[in-house]
Amino acid sequence: MSRRGSENTFCLVRGEQAVLSQHLGDLSDDGIQMQWREALRLMQNIYDFTPQYVVHDAHPGYVSSQWAREMNLPTQTVLHHHAHAAACLAEHLWPLDGGDVIALTLDGIGMGENGALWGGECLRVKLS
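When you line the sequence shown up against UniProt numbering, it's residues 1 to 128, in that order.
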């Protein structure tokens, strides 16, 4: 059974291009963490990618958030449910100038704006 926040992928972004990794599994497993780091290193080499900053989930206890802080790069946190809403819009090619969207994210626990764990959110989203 995986812990919340341990199921993951990563995404490399350069300009308007984004490359999403395969699903990598449960980061609470040390072997999966090693595979995750190797997959990240491999994709950075393939795409000649050097990160300038790291974006990660706002929950400070997630393995990926801990890793982001260890990178010695500027970081940006994203609220869990906001990330799901943005990912859905990106997946469906919603244009940046496409206007506001109402998003209902009910995937489970995510860090809320007040630092408490929320079960879901109804959001008014505008990509920018």
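The beta-carbon is built from N, C-alpha and C at its ideal position, and this holds for glycine as well.
Just so you know, these numbers come straight off a predicted model, no measurement behind them.
Between residue 73 and residue 52, the gap from beta carbon to beta carbon is short of 8 Å. Bridge partners of residue 19 according to DSSP: 12.
By the Cβ neighbour-count rule, residue 23 is exposed, with fewer than 16 other Cβ atoms within 10 Å of its own. Looking at the backbone, the Cα of residue 30 and that of residue 55 are separated by about 22 Å.
For residue 81, the three-state secondary structure derived from DSSP is helix.
Taking the Cα positions, residue 10 is about 13 Å away from residue 49. Straight-line measurement puts the Cα of residue 102 at about 31 Å from the Cα of residue 27.
Put simply, the backbone Cα of residue 124 is about 6 Å away from that of residue 100.
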